[in-house]
Every structure is written in structure tokens, then in C-alpha cells.
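Report on the following structure.
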Amino acid sequence: MNRTKRECLMQRLPAPADILALIPAQEDATRTAVICAHGSSLMLGATPEHVLACLAEREDKALRLIRRNAARLMARRRNIILPILHGCVLTPVKMYNMRRGGIGYVNTAYAALVLRRRGMGSDIALQNGDIIHSLWTSPTVERLVHEGRAVHFKLLNDVRRQLRFAEDLA
């Protein structure tokens, strides 16, 4: 990905706290749909991994380091919850059966409701009313969303502690 395309992608991305979900396009693995909190959605010409890297870079972080720290914190290698910012904690969700690019991400900083579905998979209702289908079962998605909310709560407590410390110094 050349620098100009990355810069264009960075300019088109909404603020991390405004993102409800990142969903890979089913027909084209190189496109990603970004669902925003204010009801709009936008289609980007990049894989979900590139979008995640741009979100992390915007916050002056490296996606590789975020993944490594989160994996160490949760003691797992796969399905790692990504704490990009205290308003953007992205939980992985299996969307499509693809070798690469079948994983989407749901922001658990917003309340996402997991709905049971007959047959295979589960549905996730986002705050703006959109419903996303996942191939993973309801208990799996509920567990990941619960862990994502715990990571979000920890981030909020860290920010609160930092603010109190700065207040005490002032």
C-alpha cells in the first residue's frame, strides 16, 4: 500500500470512538465497510487489517504492539480484542468463511446485543439498529463481547486514574 493511498484512507476514516463495526466485504476481501455511530456507513478500498493499522497509527500506536499487549493480557493467541482507544475496543467476530479477511470487528465500547439464531451462527444488534450476522455461536460471541467490555472498563479506569493523578499535581 503506497503512502498516498494510506493518507487518503486516514482522511476518510471517522474518529475511532464513532466506529460501531468494521465488516469485510463478502464479495471482495480488499474492501471494508465501516458502520458509524451516527447511522451512516462507508465503504473503504482496504482490508480490515489496513483499516485497523490506520486507526492505531492515528492514535500514535502500532497495531502489532496493541495485539501483542492484548494477547499477553488475555493469555491467548487468536481472537484478540484490540483496545485502540478508551472509546474504541474492537472485538473480533467471524463474518465469512474465507482464508483471509473473514473476520470483522465490533466496537464493544458501545452496547452490542447478541441475539440467538436458529441454525448456524448468531446475530449482533448494534446501537444504531443495524444487525450483523456472525458465523460463531451465541455463547462464543457473548463471551468475547463480555471480555471486550471488561477491557473497555479497564481502559476507562486507567484514564480516570491518570486524570486524578494530573489533578493532584496541579
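Each residue of the sequence shown is one higher than the one before, counting from 321 in the working numbering. Backbone N, C-alpha and C fix where the C-beta goes; we use that ideal spot for every residue, glycine too.
If the criterion is Cβ atoms closer than 8 Å, does the pair Leu491 and Val409 meet it? Because the chain here runs from 321 to 490, residue 491 falls outside it and cannot be looked at.
Per-residue burial, Ile451 [other beta carbons within 10 Å of its own, 16 or more giving buried]: Under this definition Ile451 is an exposed residue.
Counting only the same chain and skipping the five closest in sequence on each side, list residues whose C-beta sits under 7 Å from that of Ser361. Around Ser361: Ala353, Val354, Ile355.
Taking contact to mean at least 3 C-beta pairs separated by less than 8 Å, is the stretch 334-341 in contact with the stretch 436-455? yes
Using three-state DSSP, classify Pro368 as helix, strand or coil. Reduced to three states, the DSSP call for Pro368 is helix.
Under a three-way DSSP split, which group does Met415 fall into? coil
Whole angstroms are fine: how far does the CA of Phe473 sit from the CA of Val479? 10 Å
Report yes if the CB atom of Tyr430 is closer than 8 Å to the CB atom of Val413, and no otherwise. no
CA-to-CA distance, Ile444 to Leu433, given in whole angstroms: 6 Å
Whole runs of the beta strand (DSSP E) within the stretch 401-476, excluding any shorter than 3 residues: 402-405, 408-414, 423-427, 433-436, 442-445, 451-454
Spatial neighbours of Ala337 within its chain, please: CB distance less than 6 Å, with the 5 preceding and 5 following residues excluded, ordered by chain position. Gly407, Cys408
Please classify Thr324: does DSSP put it in a helix, a strand, or coil? Looking at Thr324 - three-state DSSP - the assignment turns out to be helix.
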